[in-house]
Ligand code: NDP
Ligand code: MG
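Numbering (our numbering), first residue to last: 2 to 383.
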């Protein structure tokens with residue numbers, strides 16, 4: 002029996018992880034489940050999986066959680082410190098599925114236990130960069146990528162040497178707005194309606210702006226150290242090939258699969274073995290054609306901004322991520338137009354001198370906090 006904690010259990014990735022745990026129930030002991038504010042879903046999950054502890058990050062909801070768990074014997078906790086404490090309980094596998102830099106502290110607490118972390122929370126790695134990868138090495142932790150592209154690359158690298166890689170190609174669906182002419186008029190509903198994947202609101206908007214691919218470029222740069230100039234992006238609207246690795250002998254390995262996050266999540270849960278998922282076999286004859294295009298960085302500047310931030314290194318990726326989180330939230334609240342998201346990010350990134358490269362978790366959170374503050378100020382000025 003292996004133990005598992007799921008940070009962000011009530012989200013899209015969290016729920017799909019629990020779906021797999023449910024199907025392979027007898028193999029897992031659930032330790033911590035966490036949410037931000039969704040008390041009802043968290044309490045129901047904690048009861049179903051007989052979790053050791055349920056944590057609600059929004060402390061004002063703790064009494065509600067306590068009431069919902071009364072008589073269950075499940076510990077109820079609330080607030081950011083409790084979230085990190087729960088994440089630091091030793092387990093075989095932590096699934097990091099909180100959205101945004103809010104997940105960074107809990108992920109770092111899990112890394113310090115030296116266990117295996119299945120990382121969906123790309124914003125945490127983008128913001129912390131080397132601070133996280135060095136902590137992984139120092140504590141002997143294992144980082145497995147849940148993000149479908151990085152999971153594909155991880156699988157394609159298996160049995161090969163990173164020195165033999167000529168290039169890595171991240172595929173991008175191009176999102177729901179690839180062919181939409183007027184990006185100014187895009188509504189949150191349109192931006193969230195992803196053609197191939199069913200995901201949380203923030204990553205859905207990121208897919209529409211292509212910031213998701215930009216964040217993934219930085220994520221890949223940290224997970225697979227082949228050099229930024231060897232990481233490419235190609236638009237592949239069918240989302241069948243999840244990414245590719247090209248080797249020095251001219252071989253390119255690709256991973257294919259249905260557009261269902263349970264496939265990469267299962268690959269992490271069972272690693273280095275395999276487990277069953279309820280997916281139907283891939284029917285390439287029914288899919289018919291796979292197509293590929295170069296990304297349009299004029300209409301969708303996010304990947305260019307992310308590459309520039311990765312090249313600048315240090316604090317730049319954390320600033321890019323923080324500004325994007327603020328811009329996406331403002332767009333979802335209908336405070337700014339869709340096309341202003343990359344403009345706001347570029348503005349925050351290009352102002353003044355970059356702060357010193359952060360070396361600790363606290364310094365990363367400091368950079369993140371300042372960039373959020375500046376992005377909010379710019380929103381108010383407009
Ligand atoms: P969701 O919005 O569906 O879920 C987010 C989860 O995090 C929820 O459990 C939510 O709790 C919790 N949460 C939100 N804000 C906070 C906070 N401030 N503090 C603590 N917990 C918080 O997101 P997704 O599942 O779509 O995405 C999760 C991560 O995985 C993201 O980083 C995303 O980029 C990445 N990812 C997602 C994919 C997908 O298919 N969804 C694919 C690849 C990567 P509550 O429910 O209470 O709000
Ligand atoms: Mg992805």
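For glycine and all other residues, C-beta sits at the position ideal for the given N, C-alpha and C.
Are residue 311 and residue 303 close, meaning C-beta to C-beta below 9 angstroms?
As a working note, residue 311 is residue 310 in the chain shown. As a working note, residue 303 is residue 302 in the chain shown. Not closer than 9 angstroms, so no.
Thinking just about the alpha-carbon of each residue, which of 278, 359, 241 and 111 is nearest to the one in residue 173?
Start at 1 with the first residue of the chain shown, and residue 173 comes out as number 172. Measuring from the Cα of residue 173, the nearest candidate turns out to be 241.
Shorter than 8 angstroms, the distance from the beta carbon of residue 223 to the closest heavy atom of the ligand MG, or not?
Numbered from its first residue, the chain shown carries residue 223 at position 222. Not so, every heavy atom of the ligand MG lies at least 8 angstroms from the Cβ.
What whole-angstrom Cβ distance do residue 118 and residue 95 have, given they're in contact under 8 angstroms?
In the chain shown, counting from the first residue as 1, residue 118 sits at position 117. In the chain shown, counting from the first residue as 1, residue 95 sits at position 94. Between residue 95 and residue 118 the Cβ distance is about 5 angstroms, and since that is below 8 angstroms, they are a contact.
For residue 55 versus residue 76, is the C-beta spacing smaller than 9 angstroms?
Here residue 55 refers to the residue found at position 54 when the chain shown is read from its first residue. Here residue 76 refers to the residue found at position 75 when the chain shown is read from its first residue. For residue 55 and residue 76, yes; Cβs fall inside 9 angstroms.
Proximity below 9 angstroms, CB of residue 31 to CB of residue 51
Position 30 of the chain shown, counting from 1, holds the residue named residue 31. Position 50 of the chain shown, counting from 1, holds the residue named residue 51. Yes, the Cβ-Cβ distance between residue 31 and residue 51 is below 9 angstroms.
Rounded to the nearest angstrom, what separates residue 7 and residue 122 at their Cα positions?
The residue labelled residue 7 in the question sits at position 6 within the chain shown. The residue labelled residue 122 in the question sits at position 121 within the chain shown. In a straight line, the C-alpha of residue 7 is about 12 angstroms away from that of residue 122.
What number of angstroms, rounded off, separates the C-alpha of residue 120 from the C-alpha of residue 127?
Within the chain shown, numbered from 1, the residue matching residue 120 stands at position 119. Within the chain shown, numbered from 1, the residue matching residue 127 stands at position 126. Between residue 120 and residue 127, the C-alpha separation is close to 12 angstroms.
My guess is that residue 244 and residue 153 are in contact by the Cβ rule of under 8 angstroms, so how many angstroms apart are they, rounded?
Here residue 244 is taken as the residue at index 243 of the chain shown, counted from 1. Here residue 153 is taken as the residue at index 152 of the chain shown, counted from 1. Indeed, because the Cβ distance is near 4 angstroms, the residues count as touching under 8 angstroms.
Would you mind working out which of 4, 177 and 107 sits nearest residue 236, comparing C-alpha positions?
Numbered from 1 along the chain shown, position 235 holds the residue referred to as residue 236. Residue 177 is the option with its Cα nearest to residue 236.
Burial state of residue 158 (16 or more Cβ within 10 Å)
In the chain shown, the residue the question calls residue 158 occupies position 157. Buried is the call here.
What does the alpha-carbon distance come out to for the pair residue 180 and residue 196?
One-based indexing of the chain shown puts residue 180 at position 179. One-based indexing of the chain shown puts residue 196 at position 195. Computed Cα separation, rounded: 12 angstroms.
Counting C-beta neighbours from all protein chains within 10 Å, is the total for residue 35 16 or more, i.e. buried, or is it exposed?
On the chain shown, position 34 is the one that residue 35 refers to. Flag for residue 35 reads buried.
To the nearest angstrom, how far is the alpha carbon of residue 104 from that of residue 124?
By one-based count along the chain shown, residue 104 stands at place 103. By one-based count along the chain shown, residue 124 stands at place 123. Looking at the two C-alpha atoms, the distance is approximately 8 angstroms.
Examine the ligand MG and report whether any of its heavy atoms sits within less than 8 angstroms of the Cβ of residue 124.
As a position in the chain shown, residue 124 is number 123, starting the count at 1. No; taking the cut-off as 8 angstroms, the Cβ of residue 124 has no heavy atom of the ligand MG nearer than that.
Residue nearest to residue 306 in terms of C-alpha spacing, selected from 187, 325, 255 and 290:
The residue you call residue 306 lines up with position 305 of the chain shown. Answer by Cα proximity: 325.
For the ligand NDP, is there any heavy atom lying closer than 8 angstroms to the beta carbon of residue 11?
Taking the first residue of the chain shown as position 1, residue 11 is located at position 10. Checking every heavy atom of the ligand NDP against the Cβ of residue 11, one is found closer than 8 angstroms.
Just list the residues that DSSP pairs residue 94 with in beta bridges.
Taking the chain shown and counting its residues from 1, one reaches residue 94 at position 93. Answer is 5 and 117, bridged to residue 94.
Would residue 343 and residue 188 qualify as a contact pair, given that the criterion is a beta-carbon distance under 9 angstroms?
Here residue 343 refers to the residue found at position 342 of the chain shown. Here residue 188 refers to the residue found at position 187 of the chain shown. No, they are not a contact pair.
Can you say whether residue 256 is buried or exposed, counting buried as having 16 or more other CB atoms within 10 angstroms of its CB?
Your numbering for residue 256 matches position 255 in the chain shown. With 16 or more Cβ atoms within 10 Å of its Cβ, residue 256 is classed as buried.
Give the DSSP-derived three-state secondary structure of residue 354 in the structure shown.
Counted from its first residue, the chain shown places residue 354 at position 353. Correct three-state label for residue 354: coil.
Quick one: measure Cβ to Cβ for residue 14 and residue 98, integer angstroms, because I've assumed they're closer than 8 angstroms.
In the chain shown, the residue the question calls residue 14 occupies position 13. In the chain shown, the residue the question calls residue 98 occupies position 97. Indeed, because the Cβ distance is near 4 angstroms, the residues count as touching under 8 angstroms.
Burial state of residue 374, where buried means 16 or more other Cβ atoms lie within 10 Å
Start at 1 with the first residue of the chain shown, and residue 374 comes out as number 373. Result: exposed.
Return the CA-CA distance between residue 249 and residue 224, expressed in angstroms with no decimal places.
Taking the chain shown and counting its residues from 1, the one referred to as residue 249 is at position 248. Taking the chain shown and counting its residues from 1, the one referred to as residue 224 is at position 223. Between the alpha carbons of residue 249 and residue 224 lies a distance of about 20 angstroms.
Using a 10 Å radius around the Cβ and a threshold of 16 neighbouring Cβ atoms, would you call residue 296 buried or exposed?
What you label residue 296 is simply residue 295 of the chain shown in a count that begins at 1. It is buried - the Cβ of residue 296 has at least 16 other Cβ atoms within 10 Å.
Report yes if the C-beta of residue 201 is less than 8 angstroms from at least one heavy atom of the ligand NDP; otherwise report no.
Counted from its first residue, the chain shown places residue 201 at position 200. Within the cutoff, so yes.
With 16 other CB atoms within 10 Å as the buried threshold, where does residue 361 fall?
Position 360 of the chain shown, counting from 1, holds the residue named residue 361. So residue 361 ends up on the exposed side.
From residue 92 to residue 84, what distance separates their C-alpha atoms?
The count along the chain shown starts at 1 and reaches residue 92 at position 91. The count along the chain shown starts at 1 and reaches residue 84 at position 83. The alpha-carbon atoms of residue 92 and residue 84 are separated by roughly 15 angstroms.
Where residue 232 sits in the DSSP three-state scheme
If you number the chain shown from 1, residue 232 lands on position 231. Strand, per DSSP.
Compute the Euclidean distance between the alpha carbons of residue 382 and residue 89, then round it to the nearest angstrom.
Taking the chain shown and counting its residues from 1, the one referred to as residue 382 is at position 381. Taking the chain shown and counting its residues from 1, the one referred to as residue 89 is at position 88. Computed Cα separation, rounded: 41 angstroms.
Can you pull the DSSP bridge partners for residue 76?
Here residue 76 corresponds to residue number 75 of the chain shown, with the count starting at 1. DSSP lists 54 as partners of residue 76.
Sorted by chain position, which residues of the same chain lie with C-beta nearer than 6 angstroms to residue 265's C-beta, five sequence neighbours on each side aside?
Here residue 265 refers to the residue found at position 264 of the chain shown. The answer, listed in chain order, is 147, 149 and 152.
What's the C-alpha gap between residue 309 and residue 277?
Looking up residue 309 in the chain shown gives position 308. Looking up residue 277 in the chain shown gives position 276. So the alpha carbons of these two residues sit roughly 40 angstroms apart.
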